[in-house]
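Numbering (this note's numbering), first residue to last: 63 to 385.
Glycine residues also receive a C-beta, built at the ideal position from the N, C-alpha and C atoms.
Owing to the predicted nature of the structure, the values given are computational and were not obtained by experimental measurement.
Input: a single structure, listed below in structure tokens.
So this is what it looks like as structure tokens:
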């Protein structure tokens with residue numbers, strides 16, 4: 063990339079086919095350090111390289127100062143400062159079992175990370191950052207990444223630690239019957255398999271009396287719930303056909319989707335959601351709701367973009383699907 067400064071800490075030649083591996087955006091804040099440590103564990107778990115990236119922009123006063131004939135900050139000094147911040151995060155990671163690369167880029171932080179995502183397996187960022195001229199790398203930028211990234215995006219809260227890795231702690235995925243929800247479920251199943259953890263599939267269902275007040279009075283609410291459960295169980299059978307060794311459970315949970323998933327995140331090793339869904343009475347679980355989950359989750363959240371997957375064609379063979 064133009065203007066990048068790279069330092070490779072290992073002699074290993076990383077095959078370009080592996081791309082950037084796990085990419086994490088850092089700005090020196092506690093949130094970004096937590097994100098970097100989480101990303102390092104992920105890289106070692108998957109046997110992928112770890113790429114740390116920080117971005118900076120010239121101070122906004124630089125252009126006006128130049129027009130007025132005043133001196134402007136030296137780009138080299140700003141870049142060196144950014145590299146010092148980056149090196150400080152590297153030092154906190156210690157020795158890793160995978161190749162580690164760290165880079166400083168000039169440009170908008172969100173744009174830089176989206177560019178990296180095109181050649182990454184996973185993009186990681188903290189839930190908020192420190193801001194400043196290093197580029198507001200986290201916070202509002204993290205909220206923008208899931209909508210534009212070309213790979214799954216993991217958002218890590220401050221102080222996240224490894225205790226969630228205990229045996230039996232599940233990966234939890236929210237679905238709403240849409241194809242995007244199924245893509246998220248496939249991604250969650252893979253994450254659970256990698257971690258040797260169980261998978262819990264959740265569909266949030268607001269109170270039917272309020273959500274479908276427009277339906278005729280003859281509609282049997284209990285029948286609607288049973289029909290939804292039948293479709294959900296068919297989805298579980300499909301997932302288990304794709305991941306035979308995976309322990310999968312599923313539940314319909316009463317409540318507003320964002321509230322349900324935020325509550326589920328308290329006991330999840332990883333909470334997985336998609337970027338958009340179809341809404342309806344099953345809950346607009348994806349799309350704008352994903353922003354609410356990201357903002358309030360109690361643990362790591364993985365947001366999965368829509369990606370074509372041939373396995374979706376197999377779903378209909380396992381019974382009723384959502385319309």
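The alpha helix (DSSP H) enclosing residue i, as first and last residue numbers
| i | result |
| --- | --- |
| residue 326 | 319-326 |
| residue 311 | That residue, residue 311, is in no alpha helix (DSSP H); its beta strand (DSSP E) goes 310-316. |
| residue 104 | 92-108 |
| residue 246 | 241-257 |
| residue 368 | Segment: none, residue 368 is in no alpha helix (DSSP H) and carries neither H nor E. |
| residue 141 | 137-155 |
CB contact flag (residue i, residue j, <8 angstroms)
| i | j | result |
| --- | --- | --- |
| residue 111 | residue 166 | no |
| residue 234 | residue 186 | no |
| residue 267 | residue 315 | yes |
| residue 184 | residue 216 | yes |
| residue 88 | residue 151 | yes |
| residue 246 | residue 237 | yes |
| residue 310 | residue 298 | yes |
| residue 326 | residue 220 | no |
| residue 156 | residue 96 | no |
| residue 335 | residue 363 | yes |
| residue 98 | residue 171 | no |
| residue 293 | residue 243 | no |
Delimiting residues of the beta strand (DSSP E) encompassing residue i
| i | result |
| --- | --- |
| residue 188 | 184-188 |
| residue 163 | 162-168 |
| residue 175 | Residue 175 -> not in any beta strand (DSSP E); alpha helix (DSSP H) instead, spanning 171-179. |
| residue 215 | 215-218 |
| residue 266 | 261-267 |
Option nearest residue i by Cα separation, candidates the options
| i | options | result |
| --- | --- | --- |
| residue 366 | 89, 171 and 353 | 353 |
| residue 181 | 245, 312 and 82 | 82 |
| residue 262 | 295, 287 and 213 | 295 |
| residue 158 | 109, 379, 220 and 239 | 109 |
| residue 259 | 155, 324 and 308 | 308 |
| residue 320 | 265, 189 and 214 | 265 |
| residue 168 | 255, 102 and 137 | 137 |
| residue 375 | 286, 288, 241 and 312 | 241 |
| residue 114 | 312, 140, 107 and 154 | 154 |
| residue 104 | 119, 85 and 94 | 85 |
Item checked: the stretch 326-333 touching the stretch 291-307, judged by at least three CB pairs closer than 8 angstroms -> no
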